[in-house]
Amino acid sequence: MAKEARELEQAFLSSLVDETDAGLAEWMLTLEAAGLQKNNEIVKWLKSEKAFNHMQASMLAGIFLNDGEPVFHYPTLFRKLFAGKEKQRPLYDAIAAVLQAELPGMLFIPTKTYVSLEDDRVFGCAKINKTNIRVGLDLGDEAFGEYVRKGVGLGAMPNITHMIELKDAAQIDYRLAAYARQAYERAHGA
81 MAKEARELEQ AFLSSLVDET DAGLAEWMLT LEAAGLQKNN EIVKWLKSEK AFNHMQASML
141 AGIFLNDGEP VFHYPTLFRK LFAGKEKQRP LYDAIAAVLQ AELPGMLFIP TKTYVSLEDD
201 RVFGCAKINK TNIRVGLDLG DEAFGEYVRK GVGLGAMPNI THMIELKDAA QIDYRLAAYA
261 RQAYERAHGA
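Residue numbering for the sequence shown follows this note's numbering, beginning at 81 and increasing consecutively.
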């Protein structure tokens, strides 16, 4: 879903001037001057006062409430995910390198609360916390143990049943790659 929303947002931004005769910066100033701060108020105002359709109004309201930045802009989402947790970036990069080596075609799609691990289907997530990173995986009925535990506090889809909690790169070993492969194959019906 994040990919579709991102594509819709990009298409909206690309056509904004053609469809509304104003660019994003102009719309941000217009919304600022209107003094509205709640999403529903902004959407309603854009629809009634500026003849926006619902999708256009929702997209523009979301961008306005996101400090004028596209909501689904990956670099912005990554920056916000690591805000106040910058010391976790080297650990995240090490995790991503292991996963990418095991599953070269996979994507790391940032959301507002976690990084989705996916290819054609979501098979896991990475939840960045101040003291650790939890790698959530779709492992179905796999037994829980010391390394792979019941998935909690991930903020992801219910099929993400298990997690590996990592506090430093020394905890990363062959098991992370093996469990990621297993989750990938489960999600893709292999």
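Even for Gly, the Cβ is constructed at its ideal location relative to N, Cα and C.
As computed with DSSP, GLY204 is found in a beta bridge with LEU197, LEU217.
MET243 is bridged by DSSP to GLY216, ARG229.
Using a Cβ-Cβ distance cut-off of 8 angstroms, the segment 235-250 and the segment 191-204 are in contact, since at least three pairs of beta carbons, one from each stretch, lie closer than that value. In this chain, the alpha helix (DSSP H) harbouring PRO155 covers 154-161. Proximity of the segment 246-254 to the segment 163-182 meets the contact definition, three or more beta-carbon pairs being nearer than 8 angstroms.
Counting along the chain, LEU187 sits inside the beta strand (DSSP E) bounded by residues 187-190. For LEU93, the CB contacts under 7 angstroms within the same chain, skipping 5 residues up- and downstream, are LEU104, PRO150 in chain order. Measuring C-alpha to C-alpha distances from LEU157 to each of LYS247, ARG86, HIS268, TYR259 identifies ARG86 as the nearest.
Measuring C-alpha to C-alpha distances from PHE132 to each of LYS207, SER95, GLY216 identifies SER95 as the nearest.
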